[in-house]
Amino acid sequence: DQWVPREPPAPPRPGESWESPALQKRYAFYKEQDWSLLQELLVNAGILERRQCSDGVVMHVHVERMVGILALTACHDVMKVEALLPIVSEEMAPNGYLGFKPGDTINDHDIALGYVLTFYSQLLPSFASLPVAQQASVRFTQSKMAFNHGWLVQAEAPPKALFGAFKSVISTGGATPPDVALYFVHWLTDLAGAEPTPLEGSEKFVLKFPHKVLDSFIRSFGVINQLAVRSETEVFEAYLEECWLGLPKSVTLASSLNGEHAHSMPTGTSAIALMRLAVQAQVSDNQRALIFAFTRLHPPDLHTLADEMARTGAAGQAYQRSLPSTHGGPAILVYYSPAFIRSLCPANAADALRMLAEVYRRSRALWPLSEEAASQTVTVRIDQIKELTLESIRNVYAVGESWVLAKRNALEAVVERHSLDTVGELLRADIAVELLRFWSASSTATPAQQCSDISIDSSVCSSPIRDFEKLTREWSEAKHLDVHTAIAQQFRRRTLKSAGASLRAPTPVT
Numbered sequence: 349d350q351w352v353p354r355e356p357p358a359p360p361r362p363g364e365s366w367e368s369p370a371l372q373k374r375y376a377f378y379k380e381q382d383w384s385l386l387q388e389l390l391v392n393a394g395i396l397e398r399r400q401c402s403d404g405v406v407m408h409v410h411v412e413r414m415v416g417i418l419a420l421t422a423c424h425d426v427m428k429v430e431a432l433l434p435i436v437s438e439e440m441a442p443n444g445y446l447g448f449k450p451g452d453t454i455n456d457h458d459i460a461l462g463y464v465l466t467f468y469s470q471l472l473p474s475f476a477s478l479p480v481a482q483q484a485s486v487r488f489t490q491s492k493m494a495f496n497h498g499w500l501v502q503a504e505a506p507p508k509a510l511f512g513a514f515k516s517v518i519s520t521g522g523a524t525p526p527d528v529a530l531y532f533v534h535w536l537t538d539l540a541g542a543e544p545t546p547l548e549g550s551e552k553f554v555l556k557f558p559h560k561v562l563d564s565f566i567r568s569f570g571v572i573n574q575l576a577v578r579s580e581t582e583v584f585e586a587y588l589e590e591c592w593l594g595l596p597k598s599v600t601l602a603s604s605l606n607g608e609h610a611h612s613m614p615t616g617t618s619a620i621a622l623m624r625l626a627v628q629a630q631v632s633d634n635q636r637a638l639i640f641a642f643t644r645l646h647p648p649d650l651h652t653l654a655d656e657m658a659r660t661g662a663a664g665q666a667y668q669r670s671l672p673s674t675h676g677g678p679a680i681l682v683y684y685s686p687a688f689i690r691s692l693c694p695a696n697a698a699d700a701l702r703m704l705a706e707v708y709r710r711s712r713a714l715w716p717l718s719e720e721a722a723s724q725t726v727t728v729r730i731d732q733i734k735e736l737t738l739e740s741i742r743n744v745y746a747v748g749e750s751w752v753l754a755k756r757n758a759l760e761a762v763v764e765r766h767s768l769d770t771v772g773e774l775l776r777a778d779i780a781v782e783l784l785r786f787w788s789a790s791s792t793a794t795p796a797q798q799c800s801d802i803s804i805d806s807s808v809c810s811s812p813i814r815d816f817e818k819l820t821r822e823w824s825e826a827k828h829l830d831v832h833t834a835i836a837q838q839f840r841r842r843t844l845k846s847a848g849a850s851l852r853a854p855t856p857v858t
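Under this note's numbering, the very last position in the sequence shown is 858; numbers go up by exactly one each time.
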């Protein structure tokens, strides 16, 4: 019963080792965590206040705000008890509540709590006793933000797809920057308490959560607070700028061909693409290689990345640093782009960028630009290639197969691996398909010139691989399924006849 705070961990004496790996992790967390960022989050949320006194500036607890977050912590998971889930009342919510119709049981525990806080707050005395202003702040934290934090810290999504729902909730509810900060305080405390260890601190963060990931989340909170007063694109651009300024000089040096002004902010039409890609690469070695490769890209690939990665998905919003050369939409969200970039960097950074440009290029062929679609974002999933080696991706073409981008619905396309004859099945199902030209190690090289990269005997290349581009061009232009089948069979016969046992087996796609 005699609880006392843990003493800060101390490193072992010279010649001694750590008592346990856990203690070593605790020490690393204690020393490396930027505690000032956490303190600033509490200040931004209004839980702590800076006050001037004779000894300087000191921190004071804002009692009402603290009681509010404690009340929220006490009740936020109560609706995980299924017996307590509310049924939408037609009297209270005749038009339904956040997608649930009158008579529906609200089976989402966060929405269920929000419903009770809105219409039956007297059932939760700890909440009902709060001042009206604090009730509004707590109620805001239970709104459905549809916010994917991973998309932000990896710069994966265009700003409207990233922040649109969050911004809408803020605007509708009249939330303030402190309310947004309070939402993230709750996000942290909720995750920290996922595995209760009251005598050992938050082991979820200290021992089990990657410190770098947690730090990137915390660093993003201060920028997101500005959603209450700034547009989605302004907030995202500010986040990218902050990330760039946080890069080591040795990394940003790669963005300057002459080595001067290496740490200055990128400018020009490709600035947003460069900053997003640097964030996606995550670690210094990857970032250095990627930035170096980006500044030396073949102009068509550079132009594609610069244009497509600068589309906001929000009509009337544009980045200050980069404007696409053409207007309209939809914007393109390449899902798993960061994982794909990291799997090929640093060794194959240039190839990763060229293939990413190809994905954007073929996506645009499926969704031509239009002013009417300026407020839309489509998703292109690259799950099947996100962890493959460069060799594994290219070997597919050497065995009569290909990578294609298949449009699955009005808002989604998927990168898939298919034999040429099975593409006919996609066309028969009226699925739009674009061939992805991943075989080339440079934007102008032909498949025959890239035999060494495809990892087959050079004699094998002379026939089937040399003709691959011609055959696939015929395949992509053919209008009749029988023609597709004939082309595919011709390619398969020539490949197998010429290659024999020399071809390596394709790497299985998991």
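For each residue, glycine too, the CB sits at the ideal point set by N, CA and C.
All of these numbers come straight from a predicted model, not from anything done at the bench.
Residues sharing a beta bridge with residue 755, DSSP: Here residue 755 refers to the residue found at position 407 when the sequence shown is read from its first residue. Looking at the DSSP assignment, residue 755 forms a beta bridge with 761.
Please state whether DSSP places residue 644 in a helix, a strand or coil. Here residue 644 is taken as the residue at index 296 of the sequence shown, counted from 1. It is coil, neither helix nor strand.
Residue 427 beta carbon less than 8 Å from that of residue 467: Indexing the sequence shown from 1 puts residue 467 at position 119. Indexing the sequence shown from 1 puts residue 427 at position 79. No, the Cβ-Cβ distance between residue 467 and residue 427 is not below 8 Å.
Here's a check: name, in chain order, each residue in its chain whose Cβ is nearer than 7 Å to the Cβ of residue 562, leaving out the five neighbours to either side. Along the sequence shown, one-based indexing puts residue 562 at 214. Result list for residue 562: 553, in chain order.
Tell me the DSSP secondary structure of residue 378 in three-state form. As a first step, residue 378 is located in the sequence shown; it is residue number 30 there, counting from the start. Looking at residue 378 - three-state DSSP - the assignment turns out to be helix.
How about residue 730 and residue 707: do their beta carbons lie closer than 8 Å? Translated into the one-based positions of the sequence shown, residue 730 becomes position 382. Translated into the one-based positions of the sequence shown, residue 707 becomes position 359. Against a cut-off of 8 Å, the Cβ pair of residue 707 and residue 730 comes out as a contact.
Going straight from the alpha carbon of residue 798 to that of residue 784, what length do you get? What you label residue 798 is simply residue 450 of the sequence shown in a count that begins at 1. What you label residue 784 is simply residue 436 of the sequence shown in a count that begins at 1. Here the model assigns residue 798 a pLDDT of 37, short of 50, so the residue's position is not dependable, and the following value carries that caveat. Distance between the alpha carbons of residue 798 and residue 784: 16 Å.
Which of helix, strand or coil DSSP assigns to residue 531: Sequence index remark: in the sequence shown, residue 531 carries index 183 (1-based). Of the three classes helix, strand and coil, the one that applies to residue 531 here is helix, per DSSP.
Length of the line joining the Cα atoms of residue 494 and residue 514: Along the sequence shown, read from residue 1 onward, the residue named residue 494 stands at position 146. Along the sequence shown, read from residue 1 onward, the residue named residue 514 stands at position 166. Cα to Cα, the separation comes out at about 7 Å.
Opening and closing residue of the alpha helix (DSSP H) in which residue 512 lies: Counting from 1 along the sequence shown, the entry for residue 512 is found at position 164. From DSSP, the alpha helix (DSSP H) with residue 512 extends over 507-521.
Would you mind sorting residue 749 into buried or exposed? The rule is 16 or more other CB atoms within 10 Å of its CB. Counting from one through the sequence shown, the residue named residue 749 turns up at place 401. So residue 749 ends up on the buried side.
Write down the C-beta distance between residue 701 and residue 649 rounded to the nearest angstrom, noting that I regard them as a contact closer than 8 Å. Residue mapping note: residue 701 aligns to position 353 of the sequence shown, counting from 1. Residue mapping note: residue 649 aligns to position 301 of the sequence shown, counting from 1. Rounded, the Cβ-Cβ distance is 7 Å, consistent with contact.
Does the Cβ-Cβ distance between residue 508 and residue 691 come in under 8 Å? On the sequence shown, residue 508 is found 160 positions in, with the first residue counted as 1. On the sequence shown, residue 691 is found 343 positions in, with the first residue counted as 1. Result no, Cβ atoms of residue 508 and residue 691 do not sit closer than 8 Å.
Contacts around residue 445, its chain only, beta-carbon distance under 6 Å, and the 5 residues preceding and following it disregarded: Indexing the sequence shown from 1 puts residue 445 at position 97. So the qualifying residues of the chain are 436, 463.
Would you say residue 487 and residue 510 are within 8 Å of each other, going by their C-beta atoms? What you label residue 487 is simply residue 139 of the sequence shown in a count that begins at 1. What you label residue 510 is simply residue 162 of the sequence shown in a count that begins at 1. It is not a contact, given that the beta carbons lie outside the stated cut-off.
Quick one: complete alpha helix (DSSP H) runs, 4+ long, within the region 392-420? none
Can you tell me which of the three DSSP states residue 577 falls into? Stepping through the sequence shown from its first residue, residue 577 is reached at position 229. DSSP places residue 577 in coil when its eight states are reduced to three.
With a 10 Å radius around its C-beta and 16 neighbouring C-beta atoms as the bar for buried, classify residue 657 as buried or exposed. Counting from 1 along the sequence shown, the entry for residue 657 is found at position 309. Classification for residue 657: buried.
Compute the Euclidean distance between the alpha carbons of residue 757 and residue 736, then round it to the nearest angstrom. Within the sequence shown, residue 757 is the residue found at index 409, counting from 1. Within the sequence shown, residue 736 is the residue found at index 388, counting from 1. The straight-line gap from Cα to Cα measures roughly 26 Å.
Less than 6 Å between C-beta atoms, sequence neighbours within five positions excluded: which residues of the same chain meet that for residue 678? Here residue 678 corresponds to residue number 330 of the sequence shown, with the count starting at 1. If we look at residue 678 and ignore the five residues flanking it on each side, its Cβ neighbours are 715, 721, 724, 725, 726.
If you check the beta carbons only, do residue 705 and residue 555 fall under 8 Å apart? Here residue 705 is taken as the residue at index 357 of the sequence shown, counted from 1. Here residue 555 is taken as the residue at index 207 of the sequence shown, counted from 1. No, the Cβ-Cβ distance between residue 705 and residue 555 is not below 8 Å.
Among 623, 532, 633, which one has its Cα closest to the Cα of residue 670? Here residue 670 refers to the residue found at position 322 of the sequence shown. For residue 670, the nearest C-alpha among the options comes from 623.
Whole-angstrom C-beta distance between residue 746 and residue 628, which should lie under 8 Å: Against the sequence shown, residue 628 aligns to sequence position 280. Against the sequence shown, residue 746 aligns to sequence position 398. Rounded, the Cβ-Cβ distance is 29 Å, inconsistent with contact.
Does the beta-carbon distance from residue 533 to residue 395 come in below 8 Å? Along the sequence shown, read from residue 1 onward, the residue named residue 533 stands at position 185. Along the sequence shown, read from residue 1 onward, the residue named residue 395 stands at position 47. Cβ distance < 8 Å, so residue 533 and residue 395 count as in contact.
Quick check: what's the CA-CA separation for residue 594 versus residue 457? For the purposes of this step, residue 594 is taken as residue 246 along the sequence shown, with counting starting at 1. For the purposes of this step, residue 457 is taken as residue 109 along the sequence shown, with counting starting at 1. C-alpha separation (whole angstroms): 38 Å.
With DSSP as the reference, identify every bridge partner of residue 729, one or two as the case may be. The residue given as residue 729 occupies position 381 in the sequence shown. 683, 762.
How would you call residue 632, buried or exposed, if buried means at least 16 neighbouring beta carbons within 10 angstroms? Sequence index remark: in the sequence shown, residue 632 carries index 284 (1-based). Exposed, because fewer than 16 other Cβ atoms sit within 10 Å of the Cβ of residue 632.
Using 8 Å as the threshold, is the C-beta distance between residue 583 and residue 566 below it? Residue mapping note: residue 583 aligns to position 235 of the sequence shown, counting from 1. Residue mapping note: residue 566 aligns to position 218 of the sequence shown, counting from 1. Result no, Cβ atoms of residue 583 and residue 566 do not sit closer than 8 Å.
Neighbourhood of residue 855 by C-beta distance below 6 Å, restricted to the same chain and skipping five residues each side: Counted from its first residue, the sequence shown places residue 855 at position 507. Residue placement at residue 855 is poorly supported in this model, since its pLDDT is 38, which falls under 50; the coordinates are not used for a value here.
In this structure, does DSSP put residue 749 in helix, strand or coil? Walking along the sequence shown from the start, residue 749 turns up at place 401. Of the three classes helix, strand and coil, the one that applies to residue 749 here is strand, per DSSP.
Nearest-angstrom Cα separation, counted from residue 544 out to residue 350: On the sequence shown, position 2 is the one that residue 350 refers to. On the sequence shown, position 196 is the one that residue 544 refers to. Rounded to whole angstroms, residue 350 to residue 544 spans 19 Å at the Cα level.
Status (buried if at least 16 other CB within 10 Å, exposed otherwise) for residue 634: Here the question's residue 634 lines up with position 286 in the sequence shown. That one is buried.
Cβ neighbour criterion (16 or more within 10 Å) applied to residue 615: Here residue 615 refers to the residue found at position 267 when the sequence shown is read from its first residue. Its Cβ having fewer than 16 others within 10 Å, residue 615 is exposed.
If you compare alpha carbons, which of 386, 425, 520, 696 is closest to residue 459? Position 111 of the sequence shown, counted from the start, is the residue given in the question as residue 459. The residue with the shortest Cα to Cα distance from residue 459 is 425.
Determine the contact status of residue 529 and residue 392, defining contact as a CB-CB distance below 8 Å. The residue labelled residue 529 in the question sits at position 181 within the sequence shown. The residue labelled residue 392 in the question sits at position 44 within the sequence shown. In this structure, the beta-carbon distance from residue 529 to residue 392 falls below 8 Å.
Helix, strand or coil: how does DSSP classify residue 435 here? Along the sequence shown, read from residue 1 onward, the residue named residue 435 stands at position 87. In the structure shown, residue 435 sits in a strand (DSSP, three-state: E or B).
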